[in-house]
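Start counting the sequence shown at 35; every next residue gets the next number (this note's numbering).
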Amino acid sequence: MKTLQRYIGRDVLFATLLIFVALLALFAFFDLIHELGDVGRGTYTISSALVFVLLNVPSRLYELFPVAALIGTLFAVAQLVANSEYTVMRVSGMSMGQLVWSVLRVGLPLALATFLAGEYLAPPAERLAQTVRSTGTGGDAHIVAQQFTSGFWFKQDLTFVNIRTVLADMTLLGVRMYEFGNDLRLKAVRTARSGTFLGNGEWKLDDVDTTEIGAGRVQVTHAPTWTWTTVLRPSILDVYEVAPERLELGALYDNIRVLSKSSQKASRFEIAFWNKIFYPAAVLVMMVLALPFAHFQRRQGGIGFRIFAGTMIGLAFFLLGRLFSNLGVLNDWPPLFSAVFPLVFFSAVAAAMMWWIERR
């Protein structure tokens, strides 16, 4: 039986990797076509566009693995069914559970690779890609975070902070702090030319002017440097360079913590956090889902239909995940529910279909 399991696993792995490479090349080609529209702007050349596309490959890898696993498993198992190999295996005593394990033992390393790509490869590559694009298209290559025209706004307790620009090395430019008292009256305004992160929640601000507003008096002081202790971290600013769905778990956690302390809505980051944790499991769910669908294919031919069916199922999973993520943000649904429901739904569909096939 172990020989049969290795045989199935080898076929599934080969088909999955082949489909994955094809999908990756296809989406990279589409990305390149999209970037060609900006070639010629500033110093953005075809070489820059190619570098941008290559730096986006880790993000595509993370996104496409579940779909590739679905189509690859569907194709491999359908071929076994078409060649009567599947029937021989079942007659020889292979149970549905053993067939599922034959596929899952291949899917576990792929799920781990998906998590590693999304956590360690995609976020830094995405930041570098945006820097390359900004450099070439004529924008300020160093500006990576600017939420509004007036800059980035941040609130901590009764202090409102405006940062005009954040550079690629996370240097702050044009820092303004508006400090209010418990009576909600403005008590101080502090401006700094620049700031650098020291670690442990501390920033060193340079060329600092402080205007203190008291009862009937205003006092202005100047300091060459001033240490600002805050919950703001460089990872908080990453969100304006990389979408929350592509941030690391640590950066998402920092954003959730800071927004929660500031009594601001953090549901998008919470949903992205749980999606980041459970998304690799989608590889396993898609592979299991492919098993019952493979039985419905014709014994001869039908390769194009298998690819089409797998693509449609993968697209449905992707769209349902996006739908529940957006609905969760709009309707304040529990973040864990919004992230996990698509996986639970497709897992239930796969289990029900396999039960129905076994009952036939």
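Even for Gly, the Cβ is constructed at its ideal location relative to N, Cα and C.
From the DSSP secondary-structure annotation, give me the bridge partner or partners of residue i.
i, result
"W237", "F231, W262"
"F186", "I197"
"L220", "F214"
"H256", "D243"
"V209", "I197, A226"
"R394", "Answer by DSSP bridge pairing: none, since R394 is not bridged."
"G248", "R251"
Considering only the alpha carbon of each residue, which of the options lies closest to residue i?
i, options, result
"F186", "L192, G170, M204", "M204"
"K299", "W367, D243, E119", "W367"
"N360", "F312, F303, L220", "F303"
"G76", "G233, S168, F194", "S168"
"F342", "L357, L239, D241, A324", "A324"
"V322", "L133, L47, L70", "L133"
"G344", "L370, T50, K36, L220", "T50"
"I395", "A59, V166, V122, Q113", "Because the chain in this structure spans residues 35 to 394, residue 395 falls outside the shown range and cannot be described."
"V378", "A59, F188, F358, N365", "F358"
"I247", "L218, N365, D240", "L218"
"G127", "M35, R139, A112, E69", "M35"
"V55", "R280, V91, F86", "V91"
"T148", "A384, L370, R280", "R280"
"V383", "I347, L70, A59", "I347"
Return the chain-ordered list of same chain residues with a C-beta closer than 6 Å to the C-beta of residue i, the five sequence neighbours on each side being excluded.
i, result
"I42", "S136"
"D174", "Low confidence applies to D174: its pLDDT is 44, below 50, so where it sits in the model is not reliable, and the reading given next is rough at best. Excluding positions up to five away in sequence, the list is empty."
"D45", "A110"
"I53", "A102, I105, G106"
"W237", "G229, F231, W262"
"S381", "V319"
"P100", "A316, V317, M320"
"R333", "Its pLDDT being 47, under 50, R333 is placed unreliably in this model, and the value from its coordinates should be taken loosely. Here the set comprises A116."
"D72", "Y78, T171"
"F48", "none"
"A257", "V242"
"A145", "P314, V317, L318"
"S118", "none"
Looking only at its own chain, which residues have a Cβ that is under 8 Å from the Cβ of residue i, when we skip the five neighbours before and after it?
i, result
"V265", "Q190, G235, R291, V292, K295"
"F214", "L192, T193, F194, L220, K221"
"L138", "L318, M321, V322"
Excluding five sequence neighbours on each side, which residues of the same chain lie with their C-beta closer than 7 Å to the C-beta of residue i?
i, result
"K310", "G152, L283, L286"
"L150", "none"
"L207", "R198, T199, L201, S228"
"G141", "A103, V317, L318, M321"
"V122", "none"
"L38", "M123, M128"
"F312", "A373, V374, L377"
"M388", "M130, L325, P326"
"S301", "G362, V363, D366, P369"
"V276", "P157, E160, R161"
"E69", "A83, F86, V87"
Does the distance from the CB of residue i to the CB of residue j come in under 8 Å?
i, j, result
"F351", "A316", "yes"
"P376", "L349", "no"
"L98", "F63", "no"
"L89", "L162", "yes"
"T244", "T259", "no"
"V223", "V209", "no"
"L57", "A83", "no"
"A156", "Y96", "yes"
"E160", "S269", "no"
"P278", "A306", "yes"
"V252", "A226", "no"
"W308", "V374", "yes"
"D288", "R267", "yes"
If you measure from the beta carbon of residue i to each beta carbon in chain D, is any gap under 8 Å?
i, result
"G208", "Given the protein chain composition of this structure (a single chain), no chain D is represented."
Enumerate, from N- to C-terminal direction, the unbroken alpha helix (DSSP H) stretches of 4 or more residues contained entirely within the region 91–152. 91–116, 119–125, 130–150
What are the start and end residues of each continuous beta strand (DSSP E) run of 3 or more residues lying completely inside the region 281–321, in chain order? none
Restricting to runs no shorter than 3 residues, where is the beta strand (DSSP E) found entirely within the region 343–384? Counting whole runs of 3 or more residues, the region 343–384 contains no beta strand (DSSP E) stretch at all.
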